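Each protein sequence line maps, in turn, to chains A and B.
First residue of the first sequence: 1, per this note's numbering; consecutive thereafter.
First residue of the second sequence: 1001, per this note's numbering; consecutive thereafter.
Beneath this line is the structure, given in structure tokens, with notes to follow.
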Amino acid sequence: MSARQTLRSFILENYLFTDDASALADADSFLEKGILDSTGIMEVIFFIEEQFGIKVDDEEMIPDNLDSVDHLTAFVELKKAAA
Amino acid sequence: MSDLLPQRLLAVATQYPERCAIRQGSTEISFGVLAAKIRALDAALRARIEPGERVALVMENSVDYVASCYAVWLSGGVVVGLNTALKPDDLMWQIEHCAASCVIADTRRWQELDARLPERVRACSIVAGAVPSVVALDDLYRAPFVDVAPVVISADSPAQIIYTSGTTGRPKGVLLSHGNLASNIVAIQDYLGIRADDVAMCVLPFFYSFGNSVLHSHLTVGSGLVLENSLMYPQTVVQQMQAQQVTAFYGVPSTYYILLARTQLEGADLRALRYCAQAGGAMDPVRIERFCAALPQLDFIVMYGQTEASARLSWLPPVDRQRKQGSVGLAIPGVQLSIRGEDGAELEAGSTGEVCVRGANVMLGYWQDADATQQAIRGGWLCTGDLGYRDADGYLYLIGRSKEMIKSGAHRISPREIEEVIAAVPGVEDVAVIGIDDELLGQSIKACVIASEDDALRRQILRQCREHLPLYKMPKAVDFYKEFPRTASGKIQKHLLT
């Protein structure tokens, strides 16, 4: 499964409680769409750290890295490449 | 009348027209421009509302919210800021409950409400954004200036309804007068020493009384506000505090827990920050000290209040923070505190009872709920439902709440509302919702369910909650039980559930 698919499944399963892929667009802002809150984003960070073996620093916790499936995918791939 | 908030803001705008009033992202607006928006909107509202009528504001913290709030007041209307996280059914319940004549909403909320509003309300309403066939705020701001005669408002005039979670499920509307708000705001400005050259960051929603008090206590002395509408990315918040040279910051315990856990406070240049103030529930003293150790130059101020008291009741002067650890301090100017026993008699120092308060800041009552008002205000004293005692020096310590309520982040949540949603799921025999300790939120929500343990049912429960409840009311855990501990009369003993 690609990073994008893994991340999509995690968000759908744990925050939208559905298998319906159309419930989440890759560009949807987690903040603006009310998909995640401040604790939810931490759970996502723990998930990607464990799943992809990367470390997210405090200064990397910004919307450009984390606030949609698109942003998360790009961030994870960048971190994996740099590891 | 000149001491009331709208007049104070307009006076400040005349005094400091060029000074920055609100900064939000790349938007910056001066007091002069803000006042012009308020006056333009006031003129437009005269054709829409009569004095005393309610106007529902359904939008995030923004320049538009502030302009709308003050314009409604100048028009003699009553501001009803609604919780933007609510689902449309709950928003509509509040709009109907307060019988709002007009709604001012952002585009997203308007789209949720549009088809549900009665035509007479829809026809008067205004959108912050662009929606075909609905009047836009921006067009009203740009309309040619019309000099309208001021509406006479007095200290007794109703100014605001703030909905709070009720223990019985439906929220209650706290009705505050202009005098309530002005007296409390002036007291806050006094004890915090808020100055015109302060810059405050507000991460708290204006639709709750804490955020509401931050908004008015700063703007009405000419102090600017920096708005950040989410703590989801806390490092961004710290970067803004640094970039905007923020001098005052406010939060609930979870605000500070999140900043401590997920940002590099020690590395940030926050020299301009002169104080951080905390209210909204008891904060862990160990983490207060950790926060102060990370930012030793600032004063950390613990406060206590209630929506029914406009906002603030007591504060712990920073010099007393360690000496009186765990205390919420002394009554603020204009407020009398009394600890009362079950018979209503005042108790001596050291004895625990209900915290009762009196002052010009105590609400007019609950909107259209005379029974609840009579229960809350007895003999001129507001009975807060909080339990506490005063030490020999008069410092107040809170030890709990006499009413069942979950405090999670900045929210007070009635378990009953969540229980009603879960009880409707087929397969659930009984449910009890409780607050459990949470490292960041203070409390998080746990649903205890009597049913056969089943992952599909757990998922169905969470899906039902997601559909009917805002995100902050979502249970973080769903656990299954065979039976609940109960009293002899059959009442669930929630304190035994963990």
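For every residue, glycine included, the Cβ atom is placed at its ideal position computed from N, Cα and C.
Predicted, not measured: the structure shown is a model, and the values here were computed from it.
Asked: Residue-level contact to chain A via CB, Thr1027 of chain B, 7 Å cutoff; Found: no
Asked: Beta strand (DSSP E) segment containing Ala1447 of chain B, residue limits; Found: 1442-1450
Asked: Endpoints, the alpha helix (DSSP H) within which Ser1338 of chain B is located; Found: Ser1338 of chain B -> not in any alpha helix (DSSP H); beta strand (DSSP E) instead, spanning 1335-1340.
Asked: Unbroken stretches of the alpha helix (DSSP H), 4 residues or longer, contained in the segment 1005-1067 of chain B; Found: 1005-1015, 1031-1045
Asked: beta-carbon Gln1464 of chain B near the ligand GTP non-hydrogen atom, thresh 6 Å; Found: As for the ligand GTP, it is missing from this structure, which has no ligand bound.
Asked: Spatially closest choice to Thr1220 of chain B from B:Gln1336, B:Tyr1472, B:Glu1429, B:Ala1021, by CA coordinates; Found: B:Ala1021
Asked: Whole-angstrom distance between Leu1330 of chain B and Ser1314 of chain B, CA atom to CA atom; Found: 5 Å
Asked: Cβ contact (3+ pairs, closer than 8 Å) linking the segment 14-23 of chain A and the segment 1007-1021 of chain B; Found: no
Asked: Bounding residues of the alpha helix (DSSP H) (the contiguous stretch that carries Phe75 of chain A); Found: 69-82
Asked: Local Cβ density within 10 Å of Leu1496 of chain B, reported as buried at 16 or more and exposed below that; Found: exposed
Asked: Gly1385 of chain B - containing beta strand (DSSP E), residue span; Found: 1381-1390
Asked: is_contact[Pro1230 of chain B, chain A] using C-beta, thresh 7 Å; Found: Contrary to the premise, residue 1230 of chain B reads as Ser rather than Pro in this sequence. True, the Cβ-Cβ gap to chain A drops below 7 Å.
Asked: Best match in B:Ala1272, B:Val1357, B:Ala1123, B:Ala1085 for proximity to Ala1100 of chain B [C-alpha to C-alpha]; Found: B:Ala1123
Asked: C-alpha gap between Gly1025 of chain B and Ile1153 of chain B, whole angstroms; Found: 34 Å
Asked: The segment 1047-1060 of chain B in contact with the segment 1075-1082 of chain B per 3-pair CB rule at 8 Å; Found: yes
Asked: Same chain only: Cβ atoms within 6 Å of Cys1356 of chain B, ignoring 5 sequence neighbours per side; Found: Ser1338, Arg1340, Trp1381, Cys1383
Asked: Proximity winner among B:Tyr1389, B:Arg1008, B:Pro1333, B:Val1237, relative to Glu60 of chain A (alpha-carbon distances); Found: B:Val1237
Asked: Where Gln1500 of chain B sits in the DSSP three-state scheme; Found: Because residue 1500 of chain B is not part of the residues shown, which for chain B are 1001 to 1498, the question remains open.
Asked: Chain B contact residues for Ile62 of chain A, given Cβ-Cβ distances below 9 Å; Found: Tyr1233, Gln1235, Thr1236, Gln1239
Asked: CA-to-CA distance, Glu1354 of chain B to Gly1173 of chain B, given in whole angstroms; Found: 22 Å
Asked: Beta-carbon gap between Tyr1070 of chain B and Leu1009 of chain B smaller than 7 Å; Found: yes
Asked: Val1478 of chain B vs Ile1461 of chain B beta-carbon contact at 7 Å; Found: yes
Asked: Asn1180 of chain B versus Asn1212 of chain B - alpha carbon distance; Found: 13 Å
Asked: CB contact flag (Ser68 of chain A, Ser29 of chain A, <7 Å); Found: yes
Asked: Cutoff 8 Å; reference Gln1336 of chain B; Cβ partners in own chain excluding five residues on either side; Found: Val1357, Arg1358, Gly1359
Asked: C-alpha gap between Ala1036 of chain B and Leu1215 of chain B, whole angstroms; Found: 18 Å
Asked: Proximity test, Cβ basis, 7 Å: Gly53 of chain A and chain B; Found: no
Asked: Residue of B:Val1319, B:Leu1086, B:Leu1270 minimising C-alpha distance to Ser1165 of chain B; Found: B:Leu1086
Asked: DSSP three-state assignment for Asp58 of chain A, whether helix, strand or coil; Found: helix
Asked: Candidates B:Tyr1233, B:Val1134, B:Ser1209, B:Glu1266: closest to Ala1279 of chain B by CA position; Found: B:Ser1209
Asked: Span separating the alpha-carbon of Arg1195 of chain B from that of Pro1006 of chain B; Found: 18 Å
Asked: Any chain B beta carbon closer than 7 Å to Leu7 of chain A; Found: no
Asked: Endpoints, alpha helix (DSSP H) assigned at Leu1457 of chain B; Found: 1455-1468
Asked: Interface flag, Leu1219 of chain B vs chain A, CB-CB below 7 Å; Found: no
Asked: Close Cβ partners of Pro1333 of chain B (< 7 Å) along its chain, the five nearest in sequence each way excluded; Found: Ala1187, Asp1190, Tyr1191
Asked: Short CB-CB distance (under 7 Å) between Phe17 of chain A and chain B; Found: yes
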